[in-house]
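Q: One structure is given below, represented as structure tokens, and several questions about it will come after.
2 protein chains.
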Amino acid sequence: MPATATDPRTARPRSWWGWGYADAHPDDAECVALGALLPGTLARPLPLPRVADLSIGGPAATPPASLAHLVTADPEERAAHAMGKAYRDVIRALRGRPGRIPDLVARPGGDQDVADLLDWAGENAVAVIPFGGGSSVVGGVEYRGDAHRAVLSLDLTAMDRVLEIDTTGRSALIQAGALGPVLEGQLRPRGLTLRHFPQSFEFSTLGGWLATRAGGHYATVHTHIDDFVQSLRVVTPAGTGASWRLPASGAGPSPDRLFLGSEGSLGVITEAWMRLQERPRHKAAASVAFADFHRALDAVRAIAQSDLAPANCRLLDPGEALLSGASHDGSTVLVLGFESATTRVDARLETALDLARAHGGRGEAPTADRGEAPTADRGAGADAAVGSWRSAFLRMPYLRDGLARMGAVVDTFETAATWDRIPALIDAVRAEVGAAALKATGHPATVNCRLTHVYPDGAAPYFTVAVAGRPGDEVQVWDDIKAAASDVLHRHRATVTHHHAVGRDHRPAYDRQRPEPFALALRAAKHALDPHHVLNPGVLLG
Amino acid sequence: MPATATDPRTARPRSWWGWGYADAHPDDAECVALGALLPGTLARPLPLPRVADLSIGGPAATPPASLAHLVTADPEERAAHAMGKAYRDVIRALRGRPGRIPDLVARPGGDQDVADLLDWAGENAVAVIPFGGGSSVVGGVEYRGDAHRAVLSLDLTAMDRVLEIDTTGRSALIQAGALGPVLEGQLRPRGLTLRHFPQSFEFSTLGGWLATRAGGHYATVHTHIDDFVQSLRVVTPAGTGASWRLPASGAGPSPDRLFLGSEGSLGVITEAWMRLQERPRHKAAASVAFADFHRALDAVRAIAQSDLAPANCRLLDPGEALLSGASHDGSTVLVLGFESATTRVDARLETALDLARAHGGRGEAPTADRGEAPTADRGAGADAAVGSWRSAFLRMPYLRDGLARMGAVVDTFETAATWDRIPALIDAVRAEVGAAALKATGHPATVNCRLTHVYPDGAAPYFTVAVAGRPGDEVQVWDDIKAAASDVLHRHRATVTHHHAVGRDHRPAYDRQRPEPFALALRAAKHALDPHHVLNPGVLLG
Numbered sequence: 231m232p233a234t235a236t237d238p239r240t241a242r243p244r245s246w247w248g249w250g251y252a253d254a255h256p257d258d259a260e261c262v263a264l265g266a267l268l269p270g271t272l273a274r275p276l277p278l279p280r281v282a283d284l285s286i287g288g289p290a291a292t293p294p295a296s297l298a299h300l301v302t303a304d305p306e307e308r309a310a311h312a313m314g315k316a317y318r319d320v321i322r323a324l325r326g327r328p329g330r331i332p333d334l335v336a337r338p339g340g341d342q343d344v345a346d347l348l349d350w351a352g353e354n355a356v357a358v359i360p361f362g363g364g365s366s367v368v369g370g371v372e373y374r375g376d377a378h379r380a381v382l383s384l385d386l387t388a389m390d391r392v393l394e395i396d397t398t399g400r401s402a403l404i405q406a407g408a409l410g411p412v413l414e415g416q417l418r419p420r421g422l423t424l425r426h427f428p429q430s431f432e433f434s435t436l437g438g439w440l441a442t443r444a445g446g447h448y449a450t451v452h453t454h455i456d457d458f459v460q461s462l463r464v465v466t467p468a469g470t471g472a473s474w475r476l477p478a479s480g481a482g483p484s485p486d487r488l489f490l491g492s493e494g495s496l497g498v499i500t501e502a503w504m505r506l507q508e509r510p511r512h513k514a515a516a517s518v519a520f521a522d523f524h525r526a527l528d529a530v531r532a533i534a535q536s537d538l539a540p541a542n543c544r545l546l547d548p549g550e551a552l553l554s555g556a557s558h559d560g561s562t563v564l565v566l567g568f569e570s571a572t573t574r575v576d577a578r579l580e581t582a583l584d585l586a587r588a589h590g591g592r593g594e595a596p597t598a599d600r601g602e603a604p605t606a607d608r609g610a611g612a613d614a615a616v617g618s619w620r621s622a623f624l625r626m627p628y629l630r631d632g633l634a635r636m637g638a639v640v641d642t643f644e645t646a647a648t649w650d651r652i653p654a655l656i657d658a659v660r661a662e663v664g665a666a667a668l669k670a671t672g673h674p675a676t677v678n679c680r681l682t683h684v685y686p687d688g689a690a691p692y693f694t695v696a697v698a699g700r701p702g703d704e705v706q707v708w709d710d711i712k713a714a715a716s717d718v719l720h721r722h723r724a725t726v727t728h729h730h731a732v733g734r735d736h737r738p739a740y741d742r743q744r745p746e747p748f749a750l751a752l753r754a755a756k757h758a759l760d761p762h763h764v765l766n767p768g769v770l771l772g
Numbered sequence: 231m232p233a234t235a236t237d238p239r240t241a242r243p244r245s246w247w248g249w250g251y252a253d254a255h256p257d258d259a260e261c262v263a264l265g266a267l268l269p270g271t272l273a274r275p276l277p278l279p280r281v282a283d284l285s286i287g288g289p290a291a292t293p294p295a296s297l298a299h300l301v302t303a304d305p306e307e308r309a310a311h312a313m314g315k316a317y318r319d320v321i322r323a324l325r326g327r328p329g330r331i332p333d334l335v336a337r338p339g340g341d342q343d344v345a346d347l348l349d350w351a352g353e354n355a356v357a358v359i360p361f362g363g364g365s366s367v368v369g370g371v372e373y374r375g376d377a378h379r380a381v382l383s384l385d386l387t388a389m390d391r392v393l394e395i396d397t398t399g400r401s402a403l404i405q406a407g408a409l410g411p412v413l414e415g416q417l418r419p420r421g422l423t424l425r426h427f428p429q430s431f432e433f434s435t436l437g438g439w440l441a442t443r444a445g446g447h448y449a450t451v452h453t454h455i456d457d458f459v460q461s462l463r464v465v466t467p468a469g470t471g472a473s474w475r476l477p478a479s480g481a482g483p484s485p486d487r488l489f490l491g492s493e494g495s496l497g498v499i500t501e502a503w504m505r506l507q508e509r510p511r512h513k514a515a516a517s518v519a520f521a522d523f524h525r526a527l528d529a530v531r532a533i534a535q536s537d538l539a540p541a542n543c544r545l546l547d548p549g550e551a552l553l554s555g556a557s558h559d560g561s562t563v564l565v566l567g568f569e570s571a572t573t574r575v576d577a578r579l580e581t582a583l584d585l586a587r588a589h590g591g592r593g594e595a596p597t598a599d600r601g602e603a604p605t606a607d608r609g610a611g612a613d614a615a616v617g618s619w620r621s622a623f624l625r626m627p628y629l630r631d632g633l634a635r636m637g638a639v640v641d642t643f644e645t646a647a648t649w650d651r652i653p654a655l656i657d658a659v660r661a662e663v664g665a666a667a668l669k670a671t672g673h674p675a676t677v678n679c680r681l682t683h684v685y686p687d688g689a690a691p692y693f694t695v696a697v698a699g700r701p702g703d704e705v706q707v708w709d710d711i712k713a714a715a716s717d718v719l720h721r722h723r724a725t726v727t728h729h730h731a732v733g734r735d736h737r738p739a740y741d742r743q744r745p746e747p748f749a750l751a752l753r754a755a756k757h758a759l760d761p762h763h764v765l766n767p768g769v770l771l772g
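Sequence order for the protein chains is Y and Z. If you count the first sequence from 1, you need to add 230 to reach my numbering. If you count the second sequence from 1, you need to add 230 to reach my numbering.
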């Protein structure tokens with residue numbers, strides 16, 4: 231059994247090195263079955279890593295007695311806060327070479343605790359890595375470098391309360407450390423929901439979503455957590471402040487938008503007033519098969535440029551569709567879902583299906599809008615393809631870790647670009663990233679693509695690459711694949727990330743993408759708010 | 231005839247001191263009729279002001295020969311660039327005490343011209359006031375103070391071209407100096423529209439809308455120009471840069487959102503890729519009368535919290551409804567409009583009307599959705615109340631200037647707040663601003679209110695105050711009213727502006743509203759991008 235901490239909510243053991251719950255990991259036999267899907271993987275899975283093998287020493291800094299009750303130097307806690315959950319993190323743990331283990335883990339109970347910890351860190355050159363659910367897949371929660379005396383992981387999950395609910399304006403004041411199920415559990419009795427369901431939902435926090443501009447439930451219109459922010463409270467080394475609770479404002483540049491996406495480098499988001507939704511009463515879903523991926527892109531564009539606003543509009547290429555069980559005949563599959571708390575949605579679905587058919591889609595009979603009672607349902611549809619896709623979606627990170635144990639290299643990366651660039655971009659990623667993976671490993675790679683969010687002016691493709699690795703050299707292979715991916719995205723002017731954040735893994739590409747005047751402004755803001763440069767050093771800047 | 235410059239597009243004379251076209255101003259007889267509506271105004275209108283009476287001297291700085299072709303010191307040009315078009319600006323001109331006349335007016339032809347002018351200004355302590363259509367109502371385009379050697383008004387309107395149109399992704403690269411009709415005229419042949427129609431549409435530019443986060447056509451969902459920005463190009467004293475053209479991105483804090491609302495204080499926006507719309511084919515509109523304003527608020531909230539997304543959802547209180555001819559019986563009137571390029575909108579209108587009736591509304595027969603050919607129609611409806619309201623809307627600034635000539639004091643201010651605060655806020659503004667106006671003038675004031683934009687979590691009320699002034703002391707009266715308005719907004723935690731910007735008039739209230747960490751960041755960004763502090767000094771900061 232690997233070293234784990236038990237999740238106090240679910241009484242289930244959390245994995246310190248891999249995704250989610252340790253008891254949900256594929257067992258050795260499943261790992262072998264997964265490995266059989268990729269030629270060239272290992273015959274037997276790598277053993278589960280143990281914290282005891284990491285030889286974790288004493289912490290390099292000790293906080294004063296006044297802060298001692300907030301801080302632990304327990305090795306298992308420290309190991310579980312050393313990295314995020316990218317493949318790169320998982321394989322480093324499996325190979326016994328995890329990222330730098332933090333010296334201390336702190337669990338503040340409120341703003342003053344956070345401010346006190348930041349004060350101490352600033353005075354003692356201790357790097358502070360804000361940590362929510364720890365699900366970063368971009369190296370966002372680990373320390374790299376040696377410019378600091380010690381490293382403190384600032385775990386916000388003790389601050390997980392919904393402090394206030396305004397039912398008139400449908401919003402709530404929520405502490406940033408609340409994990410998805412924790413905050414939804416507190417909203418449900420009032421019939422409301424934040425309805426933000428990233429793949430990491432169970433293992434990520436409101437603060438993490440805000441700091442990384444996470445992509446959420448809705449495939450169109452309000453796609454990011456940003457759109458649901460009414461106000462933010464931020465603790466910085468230079469002081470604490472909150473924006474006003476407003477439905478909208480034109481008073482200067484948006485203060486919230488500077489902290490959204492700041493990845494813990496400008497301050498620690500401790501609370502937010504968030505806009506909520508009523509649970510949907512009307513739902514209708516359908517899937518549409520296409521023989522041709524490029525015609526399917528045209529269909530999705532037509533739907534995105536209508537004002538139909540589907541809640542779900544995922545296009546799965548043949549590989550994705552096969553993997554998730556949505557199709558077995560090489561079809562591209564479009565999964566469409568509509569939902570509303572107010573009005574029937576059948577007509578919108580029918581119009582969308584008409585658009586899809588006009589571009590060669592073969593629609594299945596849609597699930598009728600039955601005017602259901604509100605549900606806590608996480609998906610937006612109910613037919614077979616939709617359902618199987620959703621289950622596969624939640625299981626994917628566990629399977630990735632099973633593949634990692636078989637010595638496979640798996641990367642997922644996502645982007646967004648304008649429609650004029652989308653077809654060539656996707657073709658280029660398939661060709662060039664596949665070639666890079668082959669070159670790095672000698673094995674053929676699987677490169678799959680889906681569109682997760684769509685806009686009138688463009689779309690967000692999400693890619694999965696899997697290939698047998700070079701045993702012991704998996705990190706280098708991953709880095710080579712990542713470099714190839716970043717390069718092709720850059721040449722096609724596709725963003726380095728649509729919703730996974732920059733972290734440390736995307737820094738080179740981000741630096742090339744960011745306009746220089748904004749870089750100057752951001753650097754200046756960082757220096758003003760974090761004069762000792764202790765906040766999450768290495769993400770975004772520096 | 232007042233001193234004017236002729237608009238090269240329309241061959242109509244622009245007013246240097248008042249709103250819009252000089253030939254559209256009310257004549258003396260109309261002014262007298264307007265004055266009769268407000269007890270205590272003058273018997274005869276103030277005379278039209280003349281530039282020749284301003285005794286404008288030579289400029290305090292002269293640019294080098296290399297820039298001479300971009301710059302003029304013509305007194306009429308300088309007078310027309312001295313101020314915006316707030317009541318405060320108009321009455322100062324009428325009383326012969328306009329704001330500081332700029333020394334020079336520059337009309338750059340491209341980015342390099344802008345950069346060269348900024349370089350010269352930085353080296354010579356010349357304040358640079360970016361100027362689009364000059365329609366600011368918050369003191370956004372005038373110089374106050376004496377820290378600079380000279381003042382240059384940077385008029386962007388020579389940069390007015392649509393440089394590129396992407397029909398696949400429905401977007402266009404547009405120069406920032408394009409006035410509303412100029413850019414729409416270039417988009418129309420391609421069947422596309424930006425569909426941003428502020429009251430100032432004819433006399434404001436894309437760059438001005440972006441720099442002030444202008445409110446636009448849509449009453450719900452995408453209410454501000456911000457939402458239509460794909461990328462921005464910004465020239466700053468520290469360098470020029472453009473964000474990538476992206477439908478969405480999660481790569482760090484949004485670079486565009488720092489410059490949106492920066493009011494020319496961080497850089498000069500010179501171009502933007504903007505998201506466009508197809509012209510709507512389906513429209514349906516109706517108006518609903520309510521006996522009770524507070525019940526009407528509940529109706530509007532129900533509609534805003536549905537997902538019906540009306541394009542127009544204006545609530546006019548009895549005074550507004552009377553003034554615009556939408557109602558003559560003391561009713562509150564809700565003007566509803568739906569539009570779509572894709573689908574029929576009758577059903578959405580019917581559902582909205584049901585919601586309104588459930589809260590006591592008496593709906594008129596709606597205008598049917600006739601599936602019209604796409605139109606360039608600026609409004610969203612066709613029934614009598616809608617039409618009369620729209621004409622009155624466009625005429626209002628001219629009438630305000632007519633009232634100013636009769637010695638009246640007129641202020642319009644707008645805000646936004648969460649729904650829980652809206653009823654008490656509106657009642658308090660009526661009572662307290664009315665009392666402040668009475669105290670300042672001895673005359674009873676008219677205070678009207680409408681909601682211009684609505685959200686699931688709140689609304690944006692817009693107020694108009696009119697009262698006979700103290701002759702010769704109108705600016706002080708206006709300032710007293712403004713202070714009372716700012717105070718009541720602040721106590722109710724309503725934003726200092728939803729879409730009119732901060733400028734100089736809102737600075738004290740903005741300073742109190744802005745969270746301190748953001749103020750530190752903004753000040754640092756300003757210093758990094760504008761190290762000589764020449765860009766629009768006095769707005770937002772400093």
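Where is the CB? At the ideal position from N, CA and C, for every residue including glycine.
Of all the beta strand (DSSP E) runs that stay within the bounds of the segment 500-556 of chain Y, which reach a length of 3 or more residues?
A: 512-520, 542-546
Q: Taking only beta carbons into account, state which residues of the segment 738-754 of chain Y come closer than 9 Å to chain Z, listed in chain order.
A: A739, Y740, Q743, R744, P745, E746, P747, F748, A749, L750, A751, L752, R753, A754
Q: How close, in whole Å, do the beta carbons of P243(Y) and D257(Y) come, if the pair is a contact with beta carbons under 8 Å?
A: 15 Å between Cβ atoms; not a contact.
Q: Check the Cβ of R505(Z) against every Cβ in chain Y and list those closer than 8 Å, keeping chain order.
A: P686, D687
Q: Rounded to whole angstroms, what is the Cα-Cα separation between G288(Z) and D333(Z)?
A: 7 Å
Q: Just how far apart, CA to CA, sit I404(Y) and Q535(Z)?
A: 21 Å
Q: Start and end of the alpha helix (DSSP H) containing I331(Y)?
A: No alpha helix (DSSP H) holds I331(Y); DSSP gives it neither H nor E.
Q: What is the residue span of the alpha helix (DSSP H) that A298(Z) lies within?
A: Note, A298(Z): alpha helix (DSSP H), 295-298.
Q: Apply the 10 Å Cβ neighbour rule to A606(Y) and answer buried if 16 or more other Cβ atoms are within range, or exposed otherwise.
A: For A606(Y), the predicted structure reports a pLDDT of 38, less than 50, and the residue's modelled location is therefore unreliable. The matter cannot be settled from this model.
Q: If the cut is a Cβ gap below 7 Å, which residues of chain Y does S214(Z) touch?
A: Nothing can be reported for residue 214(Z), as the shown portion of chain Z is limited to 231 through 772.
Q: Cα separation between E414(Y) and A646(Z)?
A: 28 Å
Q: Can you find a C-beta in chain Y that's less than 9 Å from the C-beta of Q460(Z)?
A: yes
Q: Please confirm whether A724(Y) has its beta-carbon closer than 9 Å to some beta-carbon of chain Z.
A: By the rule that beta-carbons nearer than 9 Å mark a contact, A724(Y) touches chain Z.
Q: Would you kindly work out how many angstroms separate the C-alpha atoms of T676(Y) and L348(Y), rounded to a whole number?
A: One C-alpha to the other measures close to 45 Å.
Q: Which runs of the alpha helix (DSSP H) fall wholly inside the segment 269-325 of chain Z and span at least 4 residues, in chain order?
A: 295-298, 305-310, 317-324
Q: Closest to W246(Y) by C-alpha separation, out of G270(Y), P305(Y), C679(Y), would be which residue?
A: The shortest CA-to-CA distance from W246(Y) to any of G270(Y), P305(Y), C679(Y) is the one to P305(Y).
Q: Can you round the beta-carbon distance between G363(Y) and G438(Y) to whole angstroms, since I take them to be within the 8 Å contact cut?
A: 6 Å
Q: Give me the chain Z residues within the contact set of T694(Y), using Cβ-Cβ distance strictly less than 9 Å, ordered along the chain.
A: Chain Z residues near T694(Y): none, gap ~18 Å exceeds 9 Å.
Q: Looking at chain Y, is there any beta carbon in it that lies within less than 9 Å of the beta carbon of E493(Z)?
A: yes
Q: With T435(Y) and A402(Y) assumed to form a contact (beta carbons below 8 Å), what rounded beta-carbon distance in angstroms separates them?
A: Their Cβ separation, rounded to whole angstroms, is 15 Å, which puts T435(Y) and A402(Y) out of contact at 8 Å.
Q: Given this structure, state the Cα-to-Cα distance separating S716(Y) from H736(Y), to the nearest angstrom.
A: 8 Å
Q: Give me the Cα-Cα distance between K478(Z) and P701(Z), rounded to the nearest whole angstrom.
A: The question names Lys, yet the displayed sequence has Ala at residue 478(Z). Their backbone Cα atoms lie some 53 Å apart in a straight line.
Q: Taking DSSP's pairing of strands, which residues face I404(Z) in a bridge?
A: V392(Z), A502(Z)
Q: Compute the distance between the beta-carbons of H683(Y) and T453(Y), then report whether it is under 9 Å.
A: yes
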